[in-house]
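Only one structure is covered here, and it is reproduced in the block below.
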Amino acid sequence: MPLSTQTEVGDDDQYVLVASLDNVRNLSNILKAIHFKDHASCFATTNGLKVTVENAKCLQANAFIQAGIFQEFVVQEESVMFRINLAVLLDCLTVFGTSSLPGTSTALRMCYHGYGYPLMLFLEEGGVVTVCKINTQEPEEMLDFDFCSTNVVNKIILQSEGLREAFAELDMTSEVLQITMSPDKPYFRLSTFGNAGSAHLDYPKDSDLMEAFHCNQTQTNRYKISLLKPSTKALALSCKVSIRTDNRGFLSLQYMIRNEDGQICFVEYYCCPDEDITESEL
Amino acid sequence: MRCIITGGNVKVLGKAIHSLSRVGDELYVEPLQDGLSLRAVNTSRSAYACFLFAPLFFQQYQPGGQGSGSVAETVRCKVLMKSFLAVFRSLPSLEKTVEKCLISLSPRASRLRVQLHCKYGVTKTHDLSFQECESLQAVFDTEQCAHTLRALPRLLVDAVVHFPLTLAEVTLEVSQGGRVNFRSYVEEETEPSRMMVTELCLSEDEFQAFHVQQETRVTFCLKEFRGLLSFAESTSLPLSIHFDAPGRPAVFALEDSLLQVHLVLATLSEPDGSSQATNGTPCPFAPAYDFTGDDIDSYMIAMETTTCNDTGRTKQLPSPTFPLRCTSPNPGQTDSDQEGAVPGTPPQKKFRSLFFGSLLSQSQSLSHAEPSQEVLAEDSEGEA
């Protein structure tokens, strides 16, 4: 009965998390950028919302939607955590369609009662309200990549434009994407080794695409291309990307995404390197 | 081989690759003294395309090995069309970002390197694995075709655009009265209720050249033709169509000082009875009975240019041209003979294989099959 749900809304105190957003696309677009698996873990603190998706115990993607993006963001506990089906969540968030016609935006109010309760979504567009209840799941332990900025060996910041085409055209018959970062030539190189041959993409350090270039030692690491390919979605939305590797060869990709209202959000991918790398293949 | 392409020519090359990809799954790369040749043939060998880029097309062109330029070192190879196409996939970005393209073929490193130098100093290097191969040489002579049309590609693009994308073949019908008809080709077995025929009539004045000796109609595949048209449209060069009686190949040609393009398509043989045009085809260029005179044949054969004993075999064979003309009055019989002789190529629509047609028709006319011919045919199917 719709009326009974409305009365629930009236009393915000019973919710551990209440968030309102004038334009739901500011949330849904960024969640799409990490939607490569159907299940996501959500963490809310007073700073904002972090949504995490993992794959194959080798890849973790985090979307950060800071509290400032929301018109209202209230967390009653120190941190609120739940697991949710991301596909269902996205379907609900885009229930009024995904098109971005000027002047039409869907407003969202998101409430969570706490452990064992569903996530409630109230979506409104043009006076029409949709109420969604999505069952939450037992939170799972997340991977800790222990990626610490003090261990970062090489760091590059690129304008996303320069990587977009490269990622779109990746030779998917190659099992790995090899990333070389070096203070000397070739500076920054992406390589694939596919059925038809190999392809190398070189970016000079003085390129206009290169916003920052801090490489201290030559590192060549391989990453499963199937794991990195989904980051194309984040790349497509982003304006800048920071590419970092630490002393273990772990990769961090941070995408800076500007939403429709000009606010900045971040999506971050961590990936483990492939172990079996032989000298002859280098 | 090493060549450098700059500016707008990179896009021309890209368009050529797109056009070739409509024809075959493999791209034959052959650096010649008079330019870089890129060719493709389809699996049933009823379509063949050849793009020859003159040395002037390039900023730098060295057909031979590094610097030496000697013919002996020339390597010809084939690469997967898919992988070559991947390099040139996005034409808009090719135009926007690529400043220079370097192609080098080094047999020692056994790779074909395509390097794109893009905006912002970004370099894309594709090392493609290749297979050394024989020259894919089609032998045809447009001079021998009885009929020639020439038009700006725009005219033909506008004509072809009306045909549904699912349509496989189109019939081109010309009459001496100056009428040019394009009509959907519908197979006889098609239920009349499912038939949709599109017909389009052009007049002689719309063509730059109109040399038609008699009323003729030929049927050929649209897919490859469309591919060539989109290339032709981007160059705005006039497109010549050379054709002859039904069943004989039609040659589509573009020519310029920088490039030469030929697309050879098999045409459908007319069923018995309706081939009145076939019989009357004049043979103004009666071929001399010369064993080495294969190049005057308007049919295509696969030439094994590097294997010397194949050359020997070819010389033993009489010119395929002569017997072919003898058999032309009864094409139906020829077809049935082909079906028996080439089990691997089902002639579903009575398209002759451009490569084998001449040899097989010949064996029929000689009333005994020479074993050496069959060997030649099998070899060339496997390798070429």
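Top to bottom, those sequences are chains A and B. Here the UniProt record's numbering is used: position 2 in the first sequence is 2, and no number is missing along the way. Here the UniProt record's numbering is used: position 259 in the second sequence is 259, and no number is missing along the way. The beta carbon of each residue, even a glycine, is placed where N, CA and C say it ideally should be. Keep in mind it's a predicted model, so treat the numbers as computed, not measured.
Asked	Found
Compare the C-beta of A:Ser238 with all C-beta atoms of chain B and state if any pair is closer than 8 Å.	no
Report the CB separation of A:Leu209 from A:Thr192 in whole angstroms; it is logged as a contact under 8 Å.	Not a contact, Cβ separation roughly 20 Å.
Verify the CB distance criterion: does A:Gly126 have a CB-CB separation below 8 Å to chain B?	no
Are the CB atoms of B:Val197 and B:Phe182 within a distance shorter than 8 Å?	no
What would DSSP say about A:Tyr117, mapped onto helix, strand or coil?	coil
Below 8 Å, how does it come out for the segment 144-155 of chain A and the segment 115-125 of chain A: are there three or more Cβ pairs, yes or no?	no
Confirm, please, whether the CB-CB distance from A:Ser20 to A:Glu78 is below 8 Å.	no
Report the three-state DSSP secondary structure of B:Leu324 (helix, strand or coil).	Any reading at B:Leu324 needs caution, since the residue's pLDDT is 31, under 50, leaving its predicted position unreliable; the model's value is listed next. DSSP places B:Leu324 in helix when its eight states are reduced to three.
So, is the C-beta of A:Asp203 closer than 8 Å to a C-beta in chain B?	Going by the sequence as given, residue 203 of chain A is Tyr instead of Asp. Yes, its Cβ sits closer than 8 Å to a Cβ of chain B.
Run through the DSSP bridge pairs and tell me what B:Cys221 is partnered with.	B:Glu169
Have a look at A:Ser231, A:Arg164, A:Ser182 and flag the residue whose alpha-carbon is nearest the alpha-carbon of residue 283 of chain A.	This structure cannot speak to residue 283 of chain A, because chain A is shown only from 1 to 282.
Is it true that the segment 142-150 of chain B meets the segment 214-223 of chain A, where meeting means three or more beta-carbon pairs spaced less than 8 Å apart?	no
Quick check on DSSP: helix, strand or coil for B:Phe53?	strand
Is DSSP giving B:Ser234 helix, strand or coil here?	helix
Name, going along the chain, the residues of the segment 119-134 of chain B whose beta-carbon falls closer than 8 Å to a beta-carbon of chain A.	Tyr120, Gly121, Val122, Thr123, Lys124, Thr125, His126, Asp127, Leu128, Ser129
Please go through the same chain and pick out, in chain order, the residues whose beta-carbon is closer than 8 Å to the beta-carbon of B:Leu13, but skip the five residues on each side of it.	Ile5, Phe53, Phe88, Cys101
Taking 8 Å as the cut-off, decide whether the C-beta atoms of A:Ser182 and A:Thr136 are in contact.	no
State the CB to CB distance for the pair B:Val261 and B:Leu254, rounded to an integer number of angstroms; the pair is presumed to be in contact (CB under 8 Å).	4 Å
Is it buried or exposed for B:Gln33, if we count other Cβ within 10 angstroms and need 16 for buried?	exposed
Determine, for A:Asp171, whether the minimum Cβ-Cβ distance to residues of chain B falls below 8 Å.	yes
The alpha helix (DSSP H) with B:Val160 in it runs from where to where?	153-160
Span of the beta strand (DSSP E) holding B:Glu30?	26-32
Excluding five sequence neighbours on each side, which residues of the same chain lie with their C-beta closer than 8 Å to the C-beta of residue 391 of chain B?	Residue 391 of chain B falls outside the range modelled here, since chain B spans only 1 to 384, and no answer is possible.
Between the beta-carbon of B:Phe207 and the beta-carbon of B:Ala151, is there less than 8 Å?	yes
Apply the 10 Å Cβ neighbour rule to B:Glu191 and answer buried if 16 or more other Cβ atoms are within range, or exposed otherwise.	exposed
Counting contacts by CB-CB distance shorter than 8 Å, is B:Ser21 in contact with chain A?	no
Give every residue of the same chain whose Cβ lies closer than 8 Å to the Cβ of A:Ile264, excluding the five residues on either side of it in the sequence, and list them in chain order.	Met256, Ile257, Arg258
Along chain A, which residues have their Cβ under 9 Å away from the Cβ of B:Arg111?	Gly197, Ser198
List, in order along the chain, the chain A residues whose C-beta lies closer than 8 Å to that of B:Lys82?	Ala196
Since B:Ser106 is in the beta strand (DSSP E), which residue starts that stretch and which ends it?	98-106
Whole angstroms are fine: how far does the CA of A:Ala196 sit from the CA of A:Pro139?	44 Å
Taking 8 Å as the CB-CB cut-off, is A:Ser207 touching chain B?	yes
Does any residue of chain A bring its CB to less than 8 Å from the CB of B:Arg76?	no
Using a C-beta cutoff of 8 Å, does B:Arg2 count as contacting chain A?	no
Below 8 Å on the Cβ atoms is my contact criterion, and I expect B:Lys124 with B:Glu99 to pass it. Report the Cβ-Cβ distance as a whole number of Å.	With 8 Å as the limit, B:Lys124 and B:Glu99 do not qualify as a contact, their Cβ atoms being about 12 Å apart.
Looking only at C-alpha atoms, which of A:Lys229, A:Val131, A:Asn29, A:Gln159 sits nearest to A:Thr173?	A:Lys229
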